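The structure under discussion appears below in the form of structure tokens.
There are 2 protein chains.
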Amino acid sequence: MAAVVHGYPSTMQDDYQLSMGRLIRQAVRAYPDAEIVHRNSAGEWGRTTYRENFDRIERAAGAFAKLGVEVGDRVGVMDWNSLRHYELYWAIPAIGAVFTQLNIRLPEDDLHYVINDSQASVVVVDETLVPIVENIAPQAKGVKTWVILSEGQIDHNLPNAVYYEDLLADAQPLDSWPNISETSAFAAGYTTGTTGRPKGVFYSHRSQYLHTYNTAKDLSASVDDVIMPITPMFHVLSWGMVQVAVMVGAKLVLPGQFSAETLGEITGALTDEGVTVTNGVPAIFTPMFEVLKSKGVTDLTGLRLLCGGSEPPASLIQSYQETFNAEVVHGYGATETSPIVTVNRVTEAMRERMSQEELNAYGSKQGKASVNIDLKIVDGLGNEVPADGETSGEILLKGPWITASYHGMPEEELADKFVDGYWRSGDVATIDAHGFIKITDRLKDVIKSGGEWISSIDMENAMIGHPKVAQAAVVGLEHPKWDERPFMLLVLRDGETITKDEIDEHLRQRFADWQLPEEFEVVDQIPATSVGKIDKKVIRNQYQDRYK
Amino acid sequence: MAAVVHGYPSTMQDDYQLSMGRLIRQAVRAYPDAEIVHRNSAGEWGRTTYRENFDRIERAAGAFAKLGVEVGDRVGVMDWNSLRHYELYWAIPAIGAVFTQLNIRLPEDDLHYVINDSQASVVVVDETLVPIVENIAPQAKGVKTWVILSEGQIDHNLPNAVYYEDLLADAQPLDSWPNISETSAFAAGYTTGTTGRPKGVFYSHRSQYLHTYNTAKDLSASVDDVIMPITPMFHVLSWGMVQVAVMVGAKLVLPGQFSAETLGEITGALTDEGVTVTNGVPAIFTPMFEVLKSKGVTDLTGLRLLCGGSEPPASLIQSYQETFNAEVVHGYGATETSPIVTVNRVTEAMRERMSQEELNAYGSKQGKASVNIDLKIVDGLGNEVPADGETSGEILLKGPWITASYHGMPEEELADKFVDGYWRSGDVATIDAHGFIKITDRLKDVIKSGGEWISSIDMENAMIGHPKVAQAAVVGLEHPKWDERPFMLLVLRDGETITKDEIDEHLRQRFADWQLPEEFEVVDQIPATSVGKIDKKVIRNQYQDRYK
Ligand SMILES: Nc1ncnc2c1ncn2[C@@H]1O[C@H](COP(=O)(O)OP(=O)(O)OP(=O)(O)O)[C@@H](O)[C@H]1O
Ligand SMILES: Nc1ncnc2c1ncn2[C@@H]1O[C@H](COP(=O)(O)OP(=O)(O)OP(=O)(O)O)[C@@H](O)[C@H]1O
Ligand SMILES: [Mg+2]
Ligand SMILES: [Mg+2]
Numbered sequence: 001m002a003a004v005v006h007g008y009p010s011t012m013q014d015d016y017q018l019s020m021g022r023l024i025r026q027a028v029r030a031y032p033d034a035e036i037v038h039r040n041s042a043g044e045w046g047r048t049t050y051r052e053n054f055d056r057i058e059r060a061a062g063a064f065a066k067l068g069v070e071v072g073d074r075v076g077v078m079d080w081n082s083l084r085h086y087e088l089y090w091a092i093p094a095i096g097a098v099f100t101q102l103n104i105r106l107p108e109d110d111l112h113y114v115i116n117d118s119q120a121s122v123v124v125v126d127e128t129l130v131p132i133v134e135n136i137a138p139q140a141k142g143v144k145t146w147v148i149l150s151e152g153q154i155d156h157n158l159p160n161a162v163y164y165e166d167l168l169a170d171a172q173p174l175d176s177w178p179n180i181s182e183t184s185a186f187a188a189g190y191t192t193g194t195t196g197r198p199k200g201v202f203y204s205h206r207s208q209y210l211h212t213y214n215t216a217k218d219l220s221a222s223v224d225d226v227i228m229p230i231t232p233m234f235h236v237l238s239w240g241m242v243q244v245a246v247m248v249g250a251k252l253v254l255p256g257q258f259s260a261e262t263l264g265e266i267t268g269a270l271t272d273e274g275v276t277v278t279n280g281v282p283a284i285f286t287p288m289f290e291v292l293k294s295k296g297v298t299d300l301t302g303l304r305l306l307c308g309g310s311e312p313p314a315s316l317i318q319s320y321q322e323t324f325n326a327e328v329v330h331g332y333g334a335t336e337t338s339p340i341v342t343v344n345r346v347t348e349a350m351r352e353r354m355s356q357e358e359l360n361a362y363g364s365k366q367g368k369a370s371v372n373i374d375l376k377i378v379d380g381l382g383n384e385v386p387a388d389g390e391t392s393g394e395i396l397l398k399g400p401w402i403t404a405s406y407h408g409m410p411e412e413e414l415a416d417k418f419v420d421g422y423w424r425s426g427d428v429a430t431i432d433a434h435g436f437i438k439i440t441d442r443l444k445d446v447i448k449s450g451g452e453w454i455s456s457i458d459m460e461n462a463m464i465g466h467p468k469v470a471q472a473a474v475v476g477l478e479h480p481k482w483d484e485r486p487f488m489l490l491v492l493r494d495g496e497t498i499t500k501d502e503i504d505e506h507l508r509q510r511f512a513d514w515q516l517p518e519e520f521e522v523v524d525q526i527p528a529t530s531v532g533k534i535d536k537k538v539i540r541n542q543y544q545d546r547y548k
Numbered sequence: 001m002a003a004v005v006h007g008y009p010s011t012m013q014d015d016y017q018l019s020m021g022r023l024i025r026q027a028v029r030a031y032p033d034a035e036i037v038h039r040n041s042a043g044e045w046g047r048t049t050y051r052e053n054f055d056r057i058e059r060a061a062g063a064f065a066k067l068g069v070e071v072g073d074r075v076g077v078m079d080w081n082s083l084r085h086y087e088l089y090w091a092i093p094a095i096g097a098v099f100t101q102l103n104i105r106l107p108e109d110d111l112h113y114v115i116n117d118s119q120a121s122v123v124v125v126d127e128t129l130v131p132i133v134e135n136i137a138p139q140a141k142g143v144k145t146w147v148i149l150s151e152g153q154i155d156h157n158l159p160n161a162v163y164y165e166d167l168l169a170d171a172q173p174l175d176s177w178p179n180i181s182e183t184s185a186f187a188a189g190y191t192t193g194t195t196g197r198p199k200g201v202f203y204s205h206r207s208q209y210l211h212t213y214n215t216a217k218d219l220s221a222s223v224d225d226v227i228m229p230i231t232p233m234f235h236v237l238s239w240g241m242v243q244v245a246v247m248v249g250a251k252l253v254l255p256g257q258f259s260a261e262t263l264g265e266i267t268g269a270l271t272d273e274g275v276t277v278t279n280g281v282p283a284i285f286t287p288m289f290e291v292l293k294s295k296g297v298t299d300l301t302g303l304r305l306l307c308g309g310s311e312p313p314a315s316l317i318q319s320y321q322e323t324f325n326a327e328v329v330h331g332y333g334a335t336e337t338s339p340i341v342t343v344n345r346v347t348e349a350m351r352e353r354m355s356q357e358e359l360n361a362y363g364s365k366q367g368k369a370s371v372n373i374d375l376k377i378v379d380g381l382g383n384e385v386p387a388d389g390e391t392s393g394e395i396l397l398k399g400p401w402i403t404a405s406y407h408g409m410p411e412e413e414l415a416d417k418f419v420d421g422y423w424r425s426g427d428v429a430t431i432d433a434h435g436f437i438k439i440t441d442r443l444k445d446v447i448k449s450g451g452e453w454i455s456s457i458d459m460e461n462a463m464i465g466h467p468k469v470a471q472a473a474v475v476g477l478e479h480p481k482w483d484e485r486p487f488m489l490l491v492l493r494d495g496e497t498i499t500k501d502e503i504d505e506h507l508r509q510r511f512a513d514w515q516l517p518e519e520f521e522v523v524d525q526i527p528a529t530s531v532g533k534i535d536k537k538v539i540r541n542q543y544q545d546r547y548k
């Protein structure tokens with residue numbers, strides 16, 4: 001990176017530290033009456049306001065200080081999208097400690113790895129998740145206190161456990177908030193582990209503050225919005241939705257505990273509370289569409305559904321538009337990027353200029369890089385690919401909310417994760433003349449066959465377009481002659497069968513003959529990661545000898 | 001201010017410098033086709049796009065470098081709201097120099113003071129303003145080069161003058177943009193001089209970047225907006241409107257040269273170009289209302305008019321609402337605050353809860369402090385006043401876009417301009433339970449009579465409500481017994497006369513007997529400053545002996 005050049009001195013308060021503690025205090029002052037509607041693990045809804053709830057935040061901060069949590073300490077949190085989770089978002093960083101996100105769906109082995117790698121000295125866990133941590137408590141030797149989130153006493157066998165509500169009842173509200181430096185860590189997150197071990201990223205107060213401003217802008221969020229985070233609050237801080245709500249003073253709807261199977265319990269809130277912004281992965285928005293339809297919902301005008309994590313099928317975007325008049329806003333990012341780096345918002349000008357067909361094709365693009373983010377796409381030699389929407393390369397990212405490192409990773413391992421100050425995303429994409437990127441694959445998933453590349457995602461998307469096919473996964477498997485060859489797993493619609501000829505015929509519309517997979521398998525279920533992404537590691541392992 | 005506490009290190013790119021150079025480059029990349037509609041000093045309209053125009057910005061940057069402008073140098077600019085002014089906004093900071101705003105309406109004496117105080121080595125001036133600088137050129141000895149903005153050659157007698165267009169034609173576009181530190185000055189501005197000599201404030205890249213994010217958020221600005229800055233681009237950077245437009249990728253309409261008298265030439269653009277955001281002082285929006293009405297405009301739905309600098313009369317806000325369905329958004333700030341620190345946006349929730357009468361009263365409040373700004377109102381002892389909407393005190397401000405100092409001001413003079421890290425605004429206000437502030441006066445203009453305070457602004461506003469009165473100005477004049485007594489200047493509506501009894505009767509609705517002015521004068525015109533504020537210095541001087 002070019003060396004920093006110093007110009008003429010400014011007269012401004014440039015030492016005013018951006019911090020999450022300031023954000024919540026200023027938001028409570030500016031929007032005292034903004035509502036928080038919340039649902040607990042028993043499924044009961046409640047209501048409070050920013051100001052009313054703030055006393056609990058200050059008490060929680062006081063309580064952690066009393067527990068011995070000091071500036072810089074890490075506190076793990078494992079919870080649903082609950083009101084207490086919201087309180088912890090602010091209370092832990094308030095005293096300069098690091099809010100450490102624990103993904104409740106991580107395999108046990110990864111979970112205790114994360115607790116140990118972050119060196120969390122306190123772990124806060126919802127009563128419904130206590131059974132999970134009971135199993136790993138013996139290996140998590142650094143944890144001095146477990147804090148249980150519950151309405152009352154519960155049966156458990158955690159050592160050194162206390163109840164959050166008891167702590168709050170006993171605590172003094174934090175009286176003076178430290179002026180924490182903006183480059184200190186305020187939260188930690190770990191990558192999903194799609195391609196290996198979860199890797200730790202420590203977000204600074206500054207990076208999160210800027211990410212919040214930027215995401216508020218990219219979503220045109222305002223005080224009149226009603227924001228319901230469906231993305232788990234332990235997954236890249238629900239993509240910053242809670243911080244955005246607080247910054248603009250929006251009403252916040254916290255749906256508590258739910259899963260893809262129990263969406264019916266929370267979708268009512270979308271209409272009852274007048275939600276205008278929500279977020280989630282395609283694996284949630286797909287079943288949610290069916291739930292909404294089955295409930296007889298016909299109109300969700302004004303609702304923006306921020307969708308990312310993997311590519312939403314064009315059909316999903318269209319269905320929400322046509323059936324509910326709701327806008328699926330496609331975004332892209334990663335744990336390492338706080339996460340939002342591109343958002344795809346179709347502008348009025350584009351609507352006027354483009355045909356419906358073109359617009360549909362644009363919907364499945366990941367969008368344009370936000371201001372404040374340097375995005376480039378480079379080939380194997382590090383040269384930028386042409387902006388032709390066709391040539392692909394790896395996405396490199398630089399910016400104030402992009403990581404510069406991984407927690408505790410040795411230098412030699414870090415070396416190939418960064419290049420020239422840019423984070424290497426490992427994502428393969430094209431970029432078009434309008435600056436819209438389109439992810440075609442992960443570098444690790446691209447199929448390298450006879451010196452050429454085949455996009456596994458393109459092939460999956462093409463196959464999902466076949467009327468008999470419900471889901472598709474494509475991976476490259478080792479091949480003695482071609483290096484790799486594509487292999488396909490299919491989940492078919494109820495009662496259907498499919499032949500190799502039918503597959504070939506369908507794929508020939510978009511792929512050359514040499515690209516077609518020789519082998520496929522029909523299965524009941526495709527292996528998935530903790531957040532519902534296709535787990536290609538597992539598939540490659542299971543079928544590794546297919547072409548040998 | 002509490003000492004900064006350092007927590008656990010983050011892994012983020014916290015050394016990524018926020019800079020105006022990055023902003024324009026990233027915006028051009030993200031919104032290449034966003035339009036700029038512009039009007040030159042000859043009144044001709046033109047159109048270009050962010051990308052198309054960017055070549056001129058890069059050439060201008062290259063040209064200044066070639067002229068010998070170095071990192072940290074100050075370059076003065078004196079121009080209307082023109083396309084070239086827009087180019088200079090970016091080209092000068094691009095090379096690490098300081099864009100130094102020169103108010104074209106400053107008295108000559110103040111103008112050469114500003115040029116000398118800022119030590120500008122180059123001054124850029126529009127052809128229409130050359131006669132002004134010709135007069136002061138002999139005193140501005142530090143200026144090595146004058147750069148003239150014009151379509152062709154003009155008659156002038158400036159020494160060492162070159163033409164901007166010639167420079168551009170000869171220049172190489174800047175090839176590598178320096179990585180300027182975010183705390184370096186990117187622009188300088190001087191206070192209006194309402195209360196004394198103009199005072200210099202040097203904005204950092206960081207302060208402006210954060211101000212832009214925040215103002216975009218406070219205005220809910222988006223890529224679908226069309227932004228036309230009416231506030232001069234030499235006056236606190238037109239309150240950041242240009243930067244906001246560029247950050248969100250909005251279409252920008254630059255109205256060029258105009259005055260309160262020639263508004264007719266630019267108001268057409270409001271409807272023709274579909275403007276959704278504009279800004280200005282009440283002294284502009286008042287005549288603009290008449291111009292719009294006389295042109296037969298009936299509908300400006302979707303238009304937000306950011307209005308500040310002084311308090312817009314409630315009747316003005318209502319007129320725009322009722323006649324055009326346009327929203328006057330009241331904001332408050334100062335040169336020292338970049339400027340936006342409060343914005344008054346009536347939310348849906350407020351609309352539902354309040355009567356029309358209450359809403360009208362809210363319109364004339366200055367609004368709530370933005371997040372990221374610490375605002376407090378203190379009495380003479382430095383204690384915060386109660387949030388009762390009645391008790392008044394001085395507004396103190398702290399935040400990343402508030403100044404911490406004045407350029408070149410000696411320490412001893414600075415001492416009473418700041419207290420405990422807060423800038424002392426000199427503005428007297430109340431704050432209510434919802435956090436809305438209402439400015440009642442300037443500390444220097446408050447009338448201190450017999451140990452009590454009388455708000456000069458309250459009295460002016462009350463008097464403007466009289467059917468015979470067009471304008472009113474109230475100042476405190478020295479009085480041998482009471483310290484000060486109120487004195488009033490009135491401009492009457494055509495053909496009207498007014499008596500002391502009529503004044504008293506009208507004011508008694510809101511003021512106690514002891515507060516009523518003993519003396520008044522009917523005049524043709526009220527002395528005003530360069531930006532159209534009442535010039536109370538001049539009035540106090542002129543009538544100083546009235547009560548003696
Ligand atoms: N809109 C999107 N379209 C396609 N892929 C996306 C999109 N958004 C995110 N992704 C994918 O998700 C990745 C980020 O996911 P996350 O950080 O949660 O963990 P992971 O990359 O899946 O796991 P790990 O890094 O541990 O292998 C991106 O790098 C990209 O591959
Ligand atoms: N919405 C508003 N309502 C009332 N007054 C306002 C409003 N906005 C700005 N002002 C007044 O304008 C001032 C800022 O003006 P500016 O910085 O241009 O120079 P000035 O204060 O008039 O001049 P100087 O500081 O040199 O005396 C504020 O301090 C305040 O007094
Ligand atoms: Mg990853
Ligand atoms: Mg001032």
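Chains as they are written, first to last, in UniProt numbering: chain A, 1 to 548; chain B, 1 to 548. Each residue gets a CB set at the ideal place from its N, CA and C atoms; glycine is no exception. Keep in mind that this is a model prediction, so the values were computed, not measured.
Separation of residue j from residue i, as counted between CA atoms
i	j	result
glutamate 52(B)	phenylalanine 418(B)	45 Å
threonine 11(A)	serine 184(A)	25 Å
glutamine 153(B)	tyrosine 163(B)	8 Å
alanine 91(B)	isoleucine 57(B)	5 Å
glutamate 518(B)	valine 277(B)	44 Å
valine 75(A)	tyrosine 89(A)	11 Å
Residue i Cβ short of 7 Å to ligand 2 heavy atom set
i	result
histidine 330(B)	yes
proline 198(B)	yes
isoleucine 230(A)	no
glutamate 394(B)	no
Exposure of residue i, with buried meaning 16 or more beta-carbon neighbours within 10 Å
i	result
asparagine 541(B)	exposed
alanine 60(B)	buried
asparagine 160(B)	exposed
alanine 404(B)	buried
Residue i Cβ short of 7 Å to ligand 4 heavy atom set
i	result
glycine 426(B)	yes
alanine 334(B)	yes
threonine 403(B)	no
6 Å CB neighbourhood of residue i in its chain, flanking five on each side removed
i	result
glycine 280(A)	Ile230, Thr231
Ligand 1 heavy atom lying under 7 Å from the CB of residue i
i	result
arginine 442(A)	yes
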